[in-house]
Amino acid sequence: MNISDVAKKTGLTSKAIRFYEEKELITPPLRQENGYRSYNAHHIEELGLLRQARLVGFTLEECRELVALFNNPQRHSADVKRRTLKKVEDIDQHINELKAMRQHLLQLADRCPGDDSADCPIINNLAGCCAEGTQH
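If you read the sequence shown in my numbering, its first letter stands for residue 276, the second for the next number, and so on.
As structure tokens, this is what we get:
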């Protein structure tokens, strides 16, 4: 299979497939006599795993580990589950951080008159250089 066929089957771009290959996240494809890459069903599976793992937030390094587990017939589902639950914890932490950022921005917006004056508590707070109510 050539790279355009693989792209169609996986929903990835040719550029993404080459990137994953360059980063050694997939098994290296064979090269035909003309130098073109030749992919097989296993590559489709690896790339499908990468695509789905990236969609749910796994980093490239975490994807590397998942592909290694995928290719290891001696893997333990407990290892995959542990990594998945760790990713859920990371996502929960990120959600909490985003909620805190959102709350902070809403508080800043509440303190800003939003009128034609130059005095802006949002800018003052973000700049960290001016006391509220004074201009720089």
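From the three backbone atoms N, C-alpha and C, an ideal C-beta is built for every residue, glycine too.
Supposed close pair residue i, residue j - CB separation, criterion 8 angstroms
| i | j | result |
| --- | --- | --- |
| residue 304 | residue 314 | 5 angstroms |
| residue 340 | residue 358 | 7 angstroms |
| residue 322 | residue 278 | Incorrect: roughly 10 angstroms between the Cβ atoms, too far for contact. |
Opposing strand residues paired with residue i [DSSP bridges]
| i | result |
| --- | --- |
| residue 313 | 305 |
Minimum C-alpha distance to residue i - residue among the options
| i | options | result |
| --- | --- | --- |
| residue 344 | 311, 399, 301, 277 | 301 |
| residue 363 | 373, 333, 388, 377 | 333 |
| residue 316 | 390, 280, 348, 330 | 280 |
| residue 285 | 336, 351, 324 | 324 |
| residue 318 | 351, 377, 391, 346 | 346 |
| residue 336 | 377, 378, 298 | 298 |
| residue 331 | 308, 365, 371 | 365 |
| residue 307 | 282, 283, 320, 276 | 276 |
Beta carbon of residue i nearer than 7 angstroms to that of residue j
| i | j | result |
| --- | --- | --- |
| residue 353 | residue 338 | no |
| residue 383 | residue 400 | yes |
| residue 312 | residue 287 | no |
| residue 395 | residue 404 | no |
Inside the region 327 to 364 only - alpha helix (DSSP H) runs reaching at least 4 residues = 335 to 345
query = Which ranges does the alpha helix (DSSP H) cover as unbroken runs of at least 4 residues, wholly within the region 369 to 408, from first to last along the chain?
reply = 396 to 402
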